[in-house]
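Asks: Protein chains in written order, with my numbering: chain A, 8 to 337; chain B, 14 to 505; chain C, 430 to 718; chain D, 1033 to 1572. Glycine included, each C-beta is placed from N, C-alpha and C at the ideal position. Remember, predicted model here, so these are calculated numbers, not experimental data.
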Amino acid sequence: MPSVWTKQDSGPVTAMTAYLLKRLAIAFATLVLASMVVFAVLEIIPGDPARLMLGMNASADQVELLRNQMGLNAPLALRYLHWAGGLLSLDFGRSYTYSVPVIDLVRERVVVSLPLALIALALSTLIAIPVGLFSAGRHGRAGDTIAMGAAQLGVAVPNFWFALMLIYLFAVWLRLVPAGGFPGWGAGIWPALKALVLPAIALALPQAAILARVTRSALIEVLNEDYIRTARAKGLPYRAVLWRHALRNAMIPVLTILGLQFAFLLAGTIIIENVFYLPGLGRLVFQAITQRDLIVVESVVMLLVAAVIAVNLLVDLSYAVVDPRLRSRP
Amino acid sequence: MKLWKTILAAATLALATGASAFAARTDLVIGITLEPPHLDPTAGAAAAIDEVLYANVFEGLTRIGPNGEVLPDLAESWAISDDGKVYVFKLHTGVKFHDGTDFNADDAKFSLDRARADNSVNAQKGLFAAIDKVEVIDPATVKVTLKNPQGSFLYNMGWGDAVIVAPESADTNKEKPIGTGPFKFQSWAKGSSITLVKSDNYWGAPVALDKAEFRVVPDAAAAVPALLSGDVQAFPFFDPDSVAQVQGDPRFKVVIGATEGETILAINNKKPPFDKLQVRQAISFALDRKAIIDGASAGLGVPIGSHMSPANKDYVDLTGLYPHNVDKAKELLKEAGLENGFKATLKLPPPSYARLGGEIIASQLRDVGIDLEIIPVEWAQWLDQVFTKKDYDLTIVSHTEPNDIDIYSRKDYYFNYDNPAFDKIIAELNLTSDEAKRKTLLGEAQKILADDAVVGFLYELPKVGVWDAKLQGLWENAPIQANDLTKVKWTD
Amino acid sequence: MTLRLDMPEENLASILGKAFGNRSFLAGFAITALVAAVALVSFLWTPYDVTRLVIADKTQAPSLAHWFGTDHFGRDILSMIMVGARNSIAVALVAVGIGVGIGVPLGAFAAARGGLVDEALMRLNDLVFAFPALLSAIMITAIFGPGAVNAIIAIGIFNIPVFARVARAGALAIWQREFILAARAAGKGKTLITLEHVLPNIVTLLLVQGTIQFALGILAEAGLSYVGLGTQPPMPSWGRMLFDAQTRMVVAPWMAIFPGMAIVITVLGLNLLGDGIADILDPRSRRRR
Amino acid sequence: MSLLEIESLSLTIGDTPILRNIELSVAPGEVMGLVGESGSGKSITALTVMQLLPYAARTTGRVAFDGIDILAASEDQMCALRGDDIGMVFQEPMTALNPVKTIGEQVAEGIRWHTGASRADAEERARKMLDRVGLPAAQFPLSRYPHELSGGQRQRVVIAIACALKPKLLIADEPTTALDVVLQAQILDLLRDLVAENRMGLLLISHDLAVVTEMADRITILRHGEVMEAGDTARTLSEQLHPYTRQLAQASMHVPARARTHEVGQGQPLLRVDSVTRDYPGRRTSLFKRSAPTRAVDNVSFSMTSGQSVALVGRSGCGKSTLARMILALDGPTSGTIRFRGQEITGKSEADLKSARRDMQVVFQDPYGSFDPRQKVERLVAEPLHVLEKKPDGAERREMVANALHEVGLSPRDMDKYPHEFSGGQRQRLSIARAIITRPKLVVADEPVSALDVSIRAQILDLFAELNQKLGIAYLFITHDLIVARAISDEVMVMHDGRIVERGKTSEVLDHPQSEAARALVGAAPDLHRAIARRLREQG
């Protein structure tokens, strides 16, 4: 096949812009499709939010009145357009159960969930990358076997079970940290962080195990490449080769997994936030599902989907930062 | 735990100085399982609203006491006309709402009229159905005229749905409740907690607590560690199933009280084969209430034989009617032509009494040949499918409203039970205020329900409260779902 | 040609030889076989009947009569773990089956057709990937009602894009090989080539992914059951057992410890097995998660 | 005194002996050629000197570099030697450079590491070095990334890295094998000059006797990890005392015996290509614009007759393979038509192509990649039977496969084996068996022998010639190797930048090339005869 690299390209900058635009367009299209799916799925949920709000003793007339007030009797397409249009202007509507704007609920919860996910992500990265480097550097030797054995175990532990064990060890037994709950950032940075420590560990450890394995295998693969031999032939010691040449090349699979993990972490928070009764997005959506607070479910799910898409976009772009070959790719 | 350290340090200090007048702790974190959807008791059915606000932030003309008795509240006294149709309430004076506005008879009239209006979204409009008109006599007197005499009117006025609100703040109560109670609303961290603080301009006896936080701890799994780690000091409504976890721990007091919650295995009386009396009776014989109470409620809870709390003065013990008897149950099924048993569904709402009880009941009914498929449902689905559409065979639920035997006479109620004899008794009961007469009628009503085996009567839901051993004044029983903090204080 | 230490395709004997030399494979195989055996035995025999509740025997500590103790209904935990193994395996296996059955044909089709079809299918994949899987599984089971069948569907749906992606990537690599050109030169169409050449050559890749998804399926089922949306009583399931255990941690920790260990061991076994297979068949294969 | 001295070096990996009693030396300023077929242990010898062996390797014997005992040296000592005193150039320029670092960084890195020079100084030296290897900073700034360079340019960067610190010894392991002949000649010139300038010792490793003969002062011939013969290049190769040396030399120059050749223009053309052009879409430069399309094949016309053997030669990337794919109807032309036996094959459905496919088969370059590893030989060889009108039954099929195997010199028993049980040469025989099972009129062979060792290559060329004689099959050989073209073809077509620039009888074109492209190819092609002759002449 002829060489792909022709001379008449108009430079990496425009190619990069085109790539960026294309990715953005795809991300937006995915978002729109996702919103349709979410809306369609939630519209077939059995359970009437109006009835739920009024309880057992309310009459059918009262329920109907409330349904009208809540706009539940409008045609489907109109409701979708209204809702989707609102999303664009960050107007997510009003919660059926809390009767406050959804955006306010989200804002209150995001300050719990986002720091939690970020701490967990940071924690898992900080554990995983060094372990991966360590293991790859001792490929096949005792240290590697032990580290990877531990990682295998980490992957196999369900995070909610791990969370339970952590609570009983650190909160009930040792009383080092609270068993759950969140005092709010208003109570000071330290108490708030303390409340997030256990959940973050419970979330991070299984992820760290996966990431460490990926880092190691990516590094080992890269270490088999010819250019590693070239670098060794320059006289660089093994360690320097590992850091200067192997790590950056091994970043692409690691970044991919990091991106995927963000989605995992967001979903993982649903169960973990329930175990630790943290007032985060995960619990908001879980409660909203059980209370049939459709508007909240729709909005939060869309927000999470948007976050996942945004992170994937970011990961795509970071590939280009890591790998110059992708910068000039159409 | 910083808090504990502070307390410890303070306690040591107090001992060292020998100061007897050491001020006791004045803050409290109370765990609640469900978060209120909003904070207006007059606009929602959720019990969680009352659990936070009743008697603390909002007050009614009357109120319900710790043992279900009717006590004066904003109305210091009342007079009832001989025909039982006119009530004249004498109100307390000098009462202010938390926003500084005065409370007077206009507010009382506004509150009652608002609740019974056509466009009212009050969840218990039935409470006000008997009211014909409300008149302001003077700022401290309000007169209520009924269409017909109602024996339970004073009790009804003590419900959380009948509390007095001010016209200025009625519309914003959902977010920022303004009442006349001893505590005022401070903040609500949604999904997490609601904080109340002592109100300085309270008209009544001052309360001991300065600050009370209601923290939302949705599941029992989280409640135990929260309690053990000291994050939460009281769970007035603790899951009985978890009580073994803290029983015997000297740090905590476990208080078993009574509720108005008749836990029943509800039966769809119109759906074959449950339309046959023998089938329903067979189910009643198949139930082993002791095992159910042991397995689903940690052995706490009193068996019932009809729809009435054993704590109620009008209670009739009918538990002997259907003792656990597998052979008898099989025999009855055979009479009904179902000697080979049959299949049915059992829809279970989320509370642990239902989910755990359901598993046990399914196992017990399997012993007599009834094969149940367990379908767990969320409350929303339960209300929709079971309660509204009556699309169910069997379900388990606890009817926590007090004095609610009349539900069996309601048309289209989800039991699909229809017995003119029973309806007649209830109709008569509604027009009767004579105590002895009422007792007889209620006894008859209980008997009919038991004979018809309308539902499987299981047990009276216990009210299990668990709180710090040094805490005093929380309700032991739960005549209504409320956490009255007016008498709560720490002891040392 | 310079040093070529590559290993060309090998025969069954040498694969088996390597399998017996691979610690990961041996350990994984042993554990997985044990779990499968326990599940099979539970059809014929369990120490106690798991459908009978003996309230009088509730929350008994491990003893000779009940090796792993009893639960809050007096059921034998060992027996429940045995039956639960059956359930976990069934759910995860069928969910993997859904992923393979729909995902692999889609992926292979996309790779064979290329162009717009490929692009469209991959965008659809992206769409599914954009939904956090567990959140969506919770939504699906909450909407359509909790239960094993809906849990299988919810988990299975998210296996589809995974297998589609692996199958497509594997197939694309195979389509680059010269033997495909040879087949095309022999006049074979895309469908025939996919069936004859592409699929047999990505089987190992799918096998490795299959064990990984199988393990994830067991974790997902446990997670769903833990929030009460998975397998329903009276059928015991490991996640459900943990759900029941969590409110009794102080008085009956064995209720949480043994089912939790059952999950860890099973998932560990499957992952070791997958690693082992990957190592044996291709020492350089990149593992996907 | 020798710069590098290897004495009775033996090496095992696990239980497998790789090297046995290797003796070798390189003096300063000397070029030592290390020759051998694949698996002879050439590369392992080089890696031993660098001490970059796999973990499991165990060595005995002595390797001395500049008086240092390398086998006993610590890793720190080796790090100090590598890149500073010993440089190494590898075979595969496409993968030998780190894709995420600029060429400047990669050249400067070794300089900084060994000399402790500042970044600016190291960059300055890197710039000079790159300039020296033919990559002037004006056109190739230090900020270029490897992927922005061609294969030949990348190999220059690798040489710059290896020579940046003027090492005493340079090891070049097949430095030109991945390049086409013209680039090969340029790189070899560069290496020769660098060695002369710095009085470096050069250990040149190659499978190509001609390349080594042109470059090396002395030669060491390796086979199965043992030294067969060593000595002065010209004398060793002209005398050919050792039987293996003789075998290698003869195989390198092998020309199959062919009784008759075919001329153009006999009867109706078998294949007719009319102004065929193939464009590939350009890269997307913005949302709506693409750069101009790349023209891989540009207005090519030619025809072939039955039984004729035509070689299509050209540098890599000239469009040969694209043209071949279009002839095989695996790809469609952008414009123009291709007729096979008078029938147009462009834009036809697979069903309409069946009759054409019966008479036209293909042999690919890679004997490893061209067989599905999961199928047995019987199915693989029988694959083209798919196009027959009447599908043979099982017994017939086995018989046809057995015949085809017999014709290519394999046993019918081989039918039940898997491809991995065969050697590279045997696989190429399988490939040919597959191509002839339908008794085609034309076989297109895309570099059919370039992945094979010389001795095997000779056998396969013989087989092609034999089948051409016996079955009257016409060949279209795609090759970059003029020796192959000379050996097997009646006519040669020279392709350059997508066009056919010259066509004629093989001997005429190769001996008297007319076009510039053909002249460049012929001039650069290494030729063992010429090389030995020149060596002898130089030495007098």
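For residue 1202 of chain D, which beta-bridge partners are listed by DSSP?
Replies: Looking up residue 1202 of chain D in the fourth sequence gives position 170. BP columns for residue 1202 of chain D point to D/1119, D/1234.
Asks: Does the beta carbon of residue 305 of chain A come closer than 8 Å to any beta carbon on chain D?
Replies: Here residue 305 of chain A is taken as the residue at index 298 of the first sequence, counted from 1. So no, residue 305 of chain A is outside the interface.
Asks: Have a look at D/1475, D/1566, D/1537 and flag the residue whose alpha-carbon is nearest the alpha-carbon of residue 1303 of chain D.
Replies: By one-based count along the fourth sequence, residue 1303 of chain D stands at place 271. Looking at the Cα atoms, D/1475 is the closest of the given residues.
Asks: Using the C-alpha atoms, what's the distance from residue 563 of chain C back to residue 1465 of chain D?
Replies: For this step, residue 1465 of chain D is matched to residue 433 along the fourth sequence. For this step, residue 563 of chain C is matched to residue 134 along the third sequence. Here the alpha carbon of residue 1465 of chain D sits roughly 54 Å from the alpha carbon of residue 563 of chain C.
Asks: Per DSSP, what kind of secondary structure is residue 199 of chain B in: helix, strand or coil?
Replies: Reading the second sequence from its first residue, position 186 is the one you call residue 199 of chain B. Three-state result, residue 199 of chain B: strand.
Asks: Does the beta-carbon of residue 1110 of chain D have 16 or more other beta-carbons within 10 angstroms, so that it is buried, or is it exposed?
Replies: The residue labelled residue 1110 of chain D in the question sits at position 78 within the fourth sequence. With 16 or more Cβ atoms within 10 Å of its Cβ, residue 1110 of chain D is classed as buried.
Asks: Can you check DSSP and say which residues form a bridge with residue 315 of chain B?
Replies: Mapped onto the second sequence, residue 315 of chain B falls at position 302. Paired residues: B/473.
Asks: By how many angstroms is the C-alpha of residue 647 of chain C removed from the C-alpha of residue 658 of chain C?
Replies: Translated into the one-based positions of the third sequence, residue 658 of chain C becomes position 229. Translated into the one-based positions of the third sequence, residue 647 of chain C becomes position 218. Their backbone Cα atoms lie some 14 Å apart in a straight line.
Asks: Which stretch, first to last residue, makes up the beta strand (DSSP E) that contains residue 389 of chain B?
Replies: Taking the first residue of the second sequence as 1, we reach residue 389 of chain B at position 376. Element bounds for residue 389 of chain B: 383-389.
Asks: Suppose the cutoff is 8 Å on Cβ atoms and the five residues either side in sequence are ignored; what does the same chain contact list for residue 236 of chain B look like?
Replies: For the purposes of this step, residue 236 of chain B is taken as residue 223 along the second sequence, with counting starting at 1. Once the five neighbours on either side are set aside, the close Cβ partners of residue 236 of chain B are 44, 46, 230, 245, 248, 251, 252, 255.
Asks: Under 8 Å between beta-carbons, which chain D residues line up against residue 256 of chain A? List them in chain order, please.
Replies: Here residue 256 of chain A refers to the residue found at position 249 when the first sequence is read from its first residue. Those within 8 Å of residue 256 of chain A in chain D are 1130, 1131, 1132.
Asks: For the candidate residues B/405, B/240, B/276, B/181, whose alpha-carbon lies nearest to that of residue 266 of chain B?
Replies: Numbered from 1 along the second sequence, position 253 holds the residue referred to as residue 266 of chain B. Comparing Cα-Cα distances from residue 266 of chain B to each of B/405, B/240, B/276, B/181, the minimum goes to B/240.
Asks: Could you tell me the alpha carbon to alpha carbon distance between residue 115 of chain B and residue 405 of chain B, rounded to whole angstroms?
Replies: Residue mapping note: residue 115 of chain B aligns to position 102 of the second sequence, counting from 1. Residue mapping note: residue 405 of chain B aligns to position 392 of the second sequence, counting from 1. Roughly 50 Å between the two C-alpha positions.
Asks: How far does the alpha helix (DSSP H) with residue 123 of chain A in it reach, from first residue to last?
Replies: Within the first sequence, residue 123 of chain A is the residue found at index 116, counting from 1. Residues 109-144.
Asks: Just reading off the alpha helix (DSSP H) that residue 1153 of chain D is part of, what are its end residues?
Replies: Here residue 1153 of chain D corresponds to residue number 121 of the fourth sequence, with the count starting at 1. Note, residue 1153 of chain D: alpha helix (DSSP H), 1151-1164.
Asks: Applying the 10 Å Cβ sphere with the 16-neighbour rule, what's the burial state of residue 24 of chain A?
Replies: One-based indexing of the first sequence puts residue 24 of chain A at position 17. Exposed.
Asks: What are the start and end residues of the beta strand (DSSP E) that includes residue 265 of chain B?
Replies: Position 252 of the second sequence, counted from the first residue, corresponds to residue 265 of chain B. From DSSP, the beta strand (DSSP E) with residue 265 of chain B extends over 265-280.
Asks: Are the C-beta of residue 1509 of chain D and some C-beta of chain C separated by less than 8 Å?
Replies: Taking the fourth sequence and counting its residues from 1, one reaches residue 1509 of chain D at position 477. No, residue 1509 of chain D lies away from the interface with chain C (no Cβ there is under 8 Å from its Cβ).
Asks: At a cut of 8 Å, does the region 1416-1425 of chain D reach the region 1380-1397 of chain D through at least three beta carbon pairs?
Replies: yes
Asks: Taking only beta-carbon positions, decide if residue 1415 of chain D is within less than 8 Å of chain C.
Replies: As a first step, residue 1415 of chain D is located in the fourth sequence; it is residue number 383 there, counting from the start. Interface residue, yes.
Asks: My output table needs one value for residue 481 of chain B: the three-state DSSP class, helix, strand or coil.
Replies: The residue given as residue 481 of chain B occupies position 468 in the second sequence. Correct three-state label for residue 481 of chain B: strand.
Asks: My assumption, with CB atoms under 8 Å, is that residue 1518 of chain D sits in contact with residue 1538 of chain D. Please give the rounded CB distance.
Replies: In the fourth sequence, counting from the first residue as 1, residue 1518 of chain D sits at position 486. In the fourth sequence, counting from the first residue as 1, residue 1538 of chain D sits at position 506. Contact flag correct, Cβ pair sits at about 6 Å.
Asks: What did DSSP end up calling residue 1407 of chain D once you bin it into helix, strand or coil?
Replies: Position 375 of the fourth sequence, counting from 1, holds the residue named residue 1407 of chain D. Looking at residue 1407 of chain D - three-state DSSP - the assignment turns out to be coil, as it is neither helix nor strand.
Asks: Counting only the same chain and skipping the five closest in sequence on each side, list residues whose C-beta sits under 8 Å from that of residue 172 of chain B.
Replies: Stepping through the second sequence from its first residue, residue 172 of chain B is reached at position 159. The beta carbon of residue 172 of chain B sits closer than 8 Å to the beta carbons of 73, 77, 137, 140, 493 from its chain, once the five residues preceding and following it are set aside; these are given in chain order.
Asks: Within the chosen definition, does the region 400-417 of chain B reach the region 357-372 of chain B through at least 3 CB pairs nearer than 8 Å?
Replies: yes
Asks: Is there contact between the region 298-309 of chain A and the region 127-136 of chain A, where contact requires at least three CB pairs shorter than 8 Å?
Replies: When Cβ pairs closer than 8 Å are counted between the two stretches, the region 298-309 of chain A is seen not to touch the region 127-136 of chain A, the count staying below three.
Asks: Rounded to the nearest angstrom, what separates residue 1374 of chain D and residue 1337 of chain D at their Cα positions?
Replies: The sequence position of residue 1374 of chain D within the fourth sequence is 342, counting from 1. The sequence position of residue 1337 of chain D within the fourth sequence is 305, counting from 1. Straight-line Cα distance between these residues: approximately 11 Å.
Asks: Closer than 8 Å, CB to CB, is residue 283 of chain B near chain A or not?
Replies: Your numbering for residue 283 of chain B matches position 270 in the second sequence. With 8 Å as the cut-off, residue 283 of chain B does not count as an interface residue toward chain A.
Asks: Rounded to whole angstroms, what is the Cα-Cα separation between residue 1399 of chain D and residue 1462 of chain D?
Replies: Residue 1399 of chain D sits at position 367 when you count from the first residue of the fourth sequence. Residue 1462 of chain D sits at position 430 when you count from the first residue of the fourth sequence. When rounded, the distance between both Cα atoms is 9 Å.
Asks: Inspect the beta-carbon positions of residue 580 of chain C and residue 631 of chain C and report whether they are closer than 8 Å.
Replies: Position 151 of the third sequence, counted from the first residue, corresponds to residue 580 of chain C. Position 202 of the third sequence, counted from the first residue, corresponds to residue 631 of chain C. Taking 8 Å as the Cβ cut-off, residue 580 of chain C and residue 631 of chain C do not qualify as a contacting pair.
Asks: Using only the alpha-carbon positions, how far apart do residue 306 of chain A and residue 273 of chain A sit?
Replies: Taking the first sequence and counting its residues from 1, one reaches residue 306 of chain A at position 299. Taking the first sequence and counting its residues from 1, one reaches residue 273 of chain A at position 266. For residue 306 of chain A and residue 273 of chain A, the distance between alpha carbons rounds to 15 Å.
Asks: List the residues of chain A whose Cβ lies closer than 8 Å to the Cβ of residue 76 of chain B, in chain order.
Replies: As a first step, residue 76 of chain B is located in the second sequence; it is residue number 63 there, counting from the start. Chain A residues near residue 76 of chain B: none, gap ~20 Å exceeds 8 Å.
Asks: Let me check understanding here. Comparing Cα to Cα, which of A/116, A/46, A/196 lies closest to residue 83 of chain A?
Replies: For the purposes of this step, residue 83 of chain A is taken as residue 76 along the first sequence, with counting starting at 1. Among A/116, A/46, A/196, the Cα nearest to that of residue 83 of chain A belongs to A/46.
Asks: Using beta carbons (cut-off 8 Å, strictly below), is residue 163 of chain A in contact with chain C?
Replies: Looking up residue 163 of chain A in the first sequence gives position 156. Closer than 8 Å to some Cβ of chain C, the Cβ of residue 163 of chain A qualifies, so yes.
Asks: Residue 1213 of chain D and residue 1556 of chain D - do their beta-carbons sit closer together than 8 Å?
Replies: As a first step, residue 1556 of chain D is located in the fourth sequence; it is residue number 524 there, counting from the start. As a first step, residue 1213 of chain D is located in the fourth sequence; it is residue number 181 there, counting from the start. With contacts defined as CB atoms closer than 8 Å, residue 1556 of chain D and residue 1213 of chain D qualify as a contacting pair.
Asks: Using a Cβ-Cβ cutoff of 8 Å, what residues of the region 1164-1189 of chain D are near chain A? List them in chain order.
Replies: 1177, 1179, 1180, 1182
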